[in-house]
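If you're matching them up, the sequences are chains E and P in order. So the first sequence is residues 26 to 224, counted in our numbering. So the second sequence is residues 26 to 224, counted in our numbering. This report refers to the structure that appears directly beneath it.
Protein chains: 2
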Amino acid sequence: MASKVKASQQDRGETATRILDVAERLVQVRGFNAFSYADVASELNITKAALHYHFPGKAELGQALVTRYAARFAEALAAVEAGLDDAPSRLDAYAQLYLDVLRDERMCLCGMLASEYPTLPPPMQDAVVRFFEDNETWLARVLRQGKDDGTLHFAPSPTETARMIVSGLEGAMLVARPHGDVARFSSVASQLLAGVTSA
Amino acid sequence: MASKVKASQQDRGETATRILDVAERLVQVRGFNAFSYADVASELNITKAALHYHFPGKAELGQALVTRYAARFAEALAAVEAGLDDAPSRLDAYAQLYLDVLRDERMCLCGMLASEYPTLPPPMQDAVVRFFEDNETWLARVLRQGKDDGTLHFAPSPTETARMIVSGLEGAMLVARPHGDVARFSSVASQLLAGVTSA
DNA sequence: GTCTATAGGCAGATAGAC
DNA sequence: GTCTATCTGCCTATAGAC
C-alpha cells in the first residue's frame with residue numbers, strides 16, 4: 026500500500042492541470058462564454074484536439090473548473106479555521122481570499138459564472154449554486170460563533186447576515202474590476218465587516 | 026416650430042426601439058457575449074440584414090443599449106427625488122429599482138456588462154464605468170442629505186457608503202438570480218439600508 | 001498523448017435587388 | 001427599410017495517423 030503522496034481528490038495529469046490553470050484564468054477574466062479551446066491551446070502550445078483528449082467537451086471542462094475551484098475554496102476555509110480562532114479574524118481572512126483574487130485582475134470564478142448562469146450547462150449551474158451555499162454555511166457558522174462569544178454583533182439571523190456578506194463581497198469585486206481600483210473593494214469589504222464587528 | 030412630442034434625446038424609429046427592447050432583455054438575461062443578431066432578428070421576425078441597417082454593428086448596438094439604459098436610470102432617479110423628500114424613502118426607492126429588474130429575472134444591464142468588461146468595445150466600457158459613477162454620485166448626495174438632517178447614520182464618507190450600497194445591491198442581484206430567489210435580494214437590500222437608517 | 005485534417009454550424013457583416 | 005444571398009472567420013467536435 027505504498028501510496029506516494031496520497032492522491033487527495035481525482036488526480037489529473039500534469040497537462041490536464043495546466044489546462045485547468047489556463048482555462049480558469051480565462052474564465053475569471055473573460056467569462057465562460059468568451060473563451061475558447063483555441064485560446065487555451067495556443068497559450069499552452071498544444072492543439073485543440075489534445076484538449077479534447079483531456080476534457081471531451083467544453084461542458085466537462087467547465088464542470089472540472091468549478092469543482093476544483095470549490096474544492097480549493099473549501100480547503101482555504103478549513104485553513105482559516107485551523108489557523109485563526111476568533112470570529113473577527115476569520116471574517117477578515119475570508120475577505121482577504123476575495124481580495125487576493127481581485128488583485129490578480131480576476132473575478133471570483135463562481136461570481137463570473139453566476140452572471141452567465143442561464144447559459145451554463147446544468148451541471149455547472151448546480152455546482153455554482155452549491156458554491157454559494159457552502160460559503161454561506163461556513164460564514165453563518167463563524168457569525169454564530171462570534172455572536173455567542175460576544176465578539177460580533179448583528180440583528181438578523183447568521184444565515185441572512187452571511188448572505189449579505191457574500192453578496193457584498195461579490196458585488197464589490199464586480200464593480201471594482203471595471204474601475205481598475207482594488208481600493209474600492211477594500212473599502213466596501215471593511216464596511217461590510219465593520220457592520221458586524223462594531224456594536 | 027410645432028414640434029410634436031419633443032424628441033427628448035436621440036429619437037429612433039419604432040423598429041429600432043423594438044430592437045433595443047429585445048436586445049436589452051437578451052443582454053440582461055444572457056450577457057452581451059451570449060446573444061446574437063440572429064436571436065434578436067428571429068424574435069422580431071425580421072432578418073439580420075435589417076438589424077444592420079438600424080445598428081451597423083454589435084458594438085454600436087451595445088453602445089445604444091447602455092446609453093439608453095443609463096438615461097432611463099437617470100430619469101428614474103430624478104423621479105425619485107421629485108416624488109420623495111426624505112433620505113430614507115429615497116434609499117428605499119433606489120433599492121426598489123433594482124428589485125423591479127430582478128423580478129423580471131434580469132440582471133442589472135451594467136452589472137452584467139461589468140462582468141464582461143474586459144471583452145467589451147471601449148465605448149461600452151466607458152459607459153459602464155460612468156453608470157456606476159453616476160449612481161454613486163446620486164446616492165452620495167442622498168446620504169449626505171440624510172446625515173445632515175439626522176435621518177441617516179454612517180461613519181465612512183458618503184461616497185464610500187454609496188459604493189458599499191451599489192456593490193451590495195449589484196452583488197445581491199448577481200447571487201440571487203442563480204438561486205431563483207428574489208427574497209434573497211430583498212433580505213440583503215434591507216440589511217444594507219438598515220446599516221444607514223438605524224443608529 | 002499529441003498531431004493533421006476536416007466536418008458542420010453559427011457568428012458578425014456586406015452587396016445589391018426590391 | 002427589408003429582403004436574399006453570400007462571405008469570411010471562428011467555434012466545438014471528431015476521425016484517424018503517429
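Beta carbons: idealized from backbone N, C-alpha and C, even for Gly.
For V191(E), would you say it is in contact with chain P, using Cβ-to-Cβ distances shorter than 9 Å as the test? As a first step, residue 191(E) is located in the first sequence; it is residue number 166 there, counting from the start. Output row for V191(E): interface = yes.
Complete runs of the alpha helix (DSSP H) confined to the region 50-116 of chain P [at least 4 residues]: 62-69, 73-79 and 83-108
Strictly under 9 Å for the Cβ-Cβ distance: is Y94(E) near chain P by that measure? Within the first sequence, numbered from 1, the residue matching residue 94(E) stands at position 69. It does not; no Cβ of chain P falls within 9 Å.
Which whole-angstrom value is the C-beta distance of A208(P) and A197(P), which I expect to be below 8 Å? If you number the second sequence from 1, residue 208(P) lands on position 183. If you number the second sequence from 1, residue 197(P) lands on position 172. Wrong, their Cβ atoms sit about 11 Å apart, outside the cutoff.
Could you check how far apart the C-beta atoms of L127(E) and A201(E) are, in whole angstroms? I think they sit under 8 Å. Residue 127(E) sits at position 102 when you count from the first residue of the first sequence. Residue 201(E) sits at position 176 when you count from the first residue of the first sequence. About 6 Å separates the two Cβ atoms, so the contact holds.
Secondary structure of C135(P), DSSP reduced to three states: Position 110 of the second sequence, counted from the first residue, corresponds to residue 135(P). In the structure shown, C135(P) sits in a helix (DSSP, three-state: H, G or I).
Let me know if S67(P) comes out buried or exposed under the rule of 16 or more other beta-carbons within 10 Å of its beta-carbon. For the purposes of this step, residue 67(P) is taken as the residue at position 42 of the second sequence. If you draw a 10 Å sphere on the C-beta of S67(P), you find fewer than 16 other C-beta atoms in it, and that means exposed.
Start and end residues, alpha helix (DSSP H) containing E161(E): Position 136 of the first sequence holds residue 161(E). Start and end: P147 to D174.
Could you list which residues in chain P have their beta carbon closer than 8 Å to that of P203(E), in chain order? As a first step, residue 203(E) must be located in the first sequence, where it is residue number 178. Ordered by position in chain P, the residues that pass the 8 Å Cβ test against P203(E) are A139, Y142, Q150, V153, V154 and F157.
Buried or exposed: where does R97(E) fall if 16 or more other Cβ atoms within 10 Å of its Cβ makes it buried? The residue you call residue 97(E) lines up with position 72 of the first sequence. Counting Cβ neighbours within 10 Å, R97(E) comes out exposed, since fewer than 16 surround it.
How close, in whole Å, do the beta carbons of L124(E) and S211(E) come, if the pair is a contact with beta carbons under 8 Å? The residue given as residue 124(E) occupies position 99 in the first sequence. The residue given as residue 211(E) occupies position 186 in the first sequence. Right, the Cβ-Cβ distance comes to about 7 Å (below 8 Å), so this counts as a contact.
Q121(E), DSSP secondary structure in three states: The sequence position of residue 121(E) within the first sequence is 96, counting from 1. Q121(E): helix per DSSP, three-state reduction.
Tell me which same chain residues have a C-beta within less than 8 Å of the C-beta of E85(P), skipping the five on either side of it? For the purposes of this step, residue 85(P) is taken as residue 60 along the second sequence, with counting starting at 1. Excluding positions up to five away in sequence, the list is empty.
Quick check: the region 179-186 of chain P against the region 179-199 of chain E, are there 3 or more CB pairs under 8 Å? no
My guess is that A95(E) and R155(E) are in contact by the Cβ rule of under 8 Å, so how many angstroms apart are they, rounded? Start at 1 with the first residue of the first sequence, and residue 95(E) comes out as number 70. Start at 1 with the first residue of the first sequence, and residue 155(E) comes out as number 130. Contact flag correct, Cβ pair sits at about 7 Å.
Got a sec? Which residues, its chain only, sit under 7 Å from I190(E) by beta carbon, not counting five neighbours each side? Here residue 190(E) corresponds to residue number 165 of the first sequence, with the count starting at 1. Contacts found: L164 and L217.
Three-pair Cβ contact test at 8 Å for the region 42-49 of chain P versus the region 63-80 of chain P: yes
Beta-carbon gap between A180(E) and A180(P) smaller than 9 Å: Within the first sequence, numbered from 1, the residue matching residue 180(E) stands at position 155. Within the second sequence, numbered from 1, the residue matching residue 180(P) stands at position 155. No, the pair does not count as a contact, with Cβ atoms beyond the cut-off.
Over what stretch of residues does the alpha helix (DSSP H) that includes F210(E) continue unbroken? Mapped onto the first sequence, residue 210(E) falls at position 185. Counting along the chain, the alpha helix (DSSP H) containing F210(E) begins and ends at V207 to T222.
Is Q121(P) close to chain E? Criterion is C-beta to C-beta, closer than 9 Å. The sequence position of residue 121(P) within the second sequence is 96, counting from 1. It does not: the Cβ of Q121(P) has no partner Cβ on chain E nearer than 9 Å.
Quick one: is S223(E) buried, meaning 16 or more other Cβ sit within 10 Å of its Cβ, or exposed? Indexing the first sequence from 1 puts residue 223(E) at position 198. By the neighbour-count criterion, in which a residue is buried when 16 or more other Cβ atoms sit within 10 angstroms of its Cβ, S223(E) is exposed.
Any C-beta of chain E sitting closer than 9 Å to the C-beta of P181(P)? For the purposes of this step, residue 181(P) is taken as residue 156 along the second sequence, with counting starting at 1. It does: the Cβ of P181(P) has a partner Cβ on chain E nearer than 9 Å.
D129(E), DSSP secondary structure in three states: Counted from its first residue, the first sequence places residue 129(E) at position 104. Collapsing the DSSP output to three states places D129(E) in coil.
Sequence-distant residues of its chain with Cβ nearer than 8 Å to A139(P) (five each side left out): Taking the first residue of the second sequence as position 1, residue 139(P) is located at position 114. Correct list, in chain order: V153, F157 and E195.
Which same chain residues, not among the five before or five after C135(P), have their C-beta less than 6 Å away from its C-beta? Translated into positions along the second sequence, residue 135(P) becomes position 110. Excluding residues within five positions, the ones whose Cβ falls inside 6 Å are V153 and F156.
N70(P) versus chain E: which residues are under 7 Å apart at the beta carbon? As a working note, residue 70(P) is residue 45 in the second sequence. Ordered by position in chain E, no residue passes the 7 Å Cβ test against N70(P), which lies about 23 Å from the chain.
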